[in-house]
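Engineer: Residues 1 to 193 in this note's numbering are what the sequence shown lists, from first letter to last. We put the beta carbon where it would ideally sit given N, CA and C, even for glycine.
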Amino acid sequence: MCGIVGFTGKREAAPVLLAGLKALEYRGYDSAGIAVLNDNNLTVCKTTERIKNLTEKTNGGKDIHGTTGIGHTRWATHGEPSDANSHPLLSDSGRIAVVHNGIIENYMEIKEFLQEKGVVFHSDTDTEVVAQLLGYYYRGDILDAVQKVLHRIEGSYGLGIICSEHPEQLIAARKDSPLVLGYGDGFNMMASD
Ligand code: GLU
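Next comes the structure, spelled out in structure tokens:
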């Protein structure tokens, strides 16, 4: 289990996410990524190298604008370390982004269910079923979709979720995996440590 960081507030999220991921580096990881919401646009940046590489790619986060975002350091359990398998993972529509620590035990059954409905998967991870199932249930209320997904998934998870149609909403969920919330003055955060 590696790292999750999330931020929503009045200032730019990307530099905060990168600093958070840097602080979580000691836990070990094989890849990393961030997703940031700017109005209704979702920007994703990933690396199979170090956080330093993610920082360089984004000019210290300055090239990515938006005040809500999630970040992840991955320790692969399902699927090799690669850009496709790095988190954040997206729903088919590209509107919902998910970071996950842990293992979704019943991912295969959910994947087959969604594939029968025509959903196309883009990674080998167990985590992608969370993003795709959210997309399947999403009808405008992201919290409602999250609650439906949590009833279907089994296993351990710390989850950070954002949706491009709700640019000021940062959703956290956990079961058997650490996740703490920080309530600040003008901002809120989540982190796996
Ligand atoms: N099981 C997920 C994956 O392989 C998450 C691994 C983690 O906790 O970093 O992508």
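Could you tell me whether any non-hydrogen atom of the ligand GLU is closer than 7 Å to the CB of T8?
Structural biologist: False, no ligand heavy atom lies under 7 Å from that Cβ.
Engineer: Take V130 and list the residues in its own chain whose beta-carbon comes closer than 7 Å to its own, dropping the five residues that flank it on each side.
Structural biologist: V98, H100, I104, V149, I153 and L159
Engineer: For the region 132-193, which segments carrying the alpha helix (DSSP H) assignment without a break, of at least 4 residues, lie completely within its bounds, in sequence order?
Structural biologist: 142-152
Engineer: Look at the Cβ atom of L13, then the Cβ atom of T58, and state whether they are nearer than 8 Å.
Structural biologist: Looking at the sequence itself, residue 13 is Ala, so the reference to Leu does not match. No, the Cβ-Cβ distance between A13 and T58 is not below 8 Å.
Engineer: Between the Cα of I162 and those of G9, V36, H65 and P15, spot the shortest distance and give me the residue it belongs to.
Structural biologist: Comparing Cα positions, the closest option is V36.
Engineer: Any heavy atom of the ligand GLU inside 7 Å of the beta-carbon of I153?
Structural biologist: no
Engineer: Please return the same chain residues whose Cβ sits closer than 6 Å to the Cβ of N106, not counting the five positions on each side in sequence.
Structural biologist: So the list reads E154, once near-sequence residues are dropped.
Engineer: Report whether the distance from the Cβ of T67 to the nearest heavy atom of the ligand GLU is below 7 Å.
Structural biologist: no
Engineer: Please classify P178 as buried or exposed, where buried requires at least 16 other C-beta atoms within 10 Å of its C-beta.
Structural biologist: Label assigned to P178: exposed.
Engineer: For a test of the three-state rule: what should DSSP assign to A76, helix, strand or coil?
Structural biologist: Three-state result, A76: coil.
Engineer: Report back the beta-carbon spacing between D124 and G71 to the nearest angstrom; my notes put them in contact at under 8 Å.
Structural biologist: The beta-carbon distance between D124 and G71, rounded to whole angstroms, is 21 Å. This is too long to meet the 8 Å contact definition.
Engineer: Straight-line CA distance for G186 to E168?
Structural biologist: 12 Å
Engineer: Using 7 Å as the cut-off, classify the Cβ of H122 as near or not near the heavy atoms of the ligand GLU, replying yes or no.
Structural biologist: Relative to the ligand GLU, the beta carbon of H122 is positioned no closer than 7 Å to any heavy atom.
Engineer: Hey, how far is the Cα of D144 from the Cα of K22?
Structural biologist: 32 Å
Engineer: Is the closest heavy atom of the ligand GLU to the C-beta of L102 under 7 Å?
Structural biologist: In the sequence as displayed, the identity of residue 102 is Gly instead of Leu. Yes, the beta carbon of G102 sits closer than 7 Å to at least one heavy atom of the ligand GLU.
Engineer: Among N188, T55 and E49, which one has its Cα closest to the Cα of P81?
Structural biologist: The residue among N188, T55 and E49 with its C-alpha nearest the C-alpha of P81 is E49.
Engineer: Could you please give me the residues that DSSP links to A35 through a beta bridge?
Structural biologist: In DSSP, A35 forms a bridge with V44 and I70.
Engineer: Can you name, in chain order, every residue of its own chain whose Cβ lies under 7 Å from the Cβ of D63, other than the five neighbours on each side?
Structural biologist: Excluding residues up to 5 positions away in sequence, nothing lies with its Cβ nearer than 7 Å to the Cβ of D63 in the same chain.
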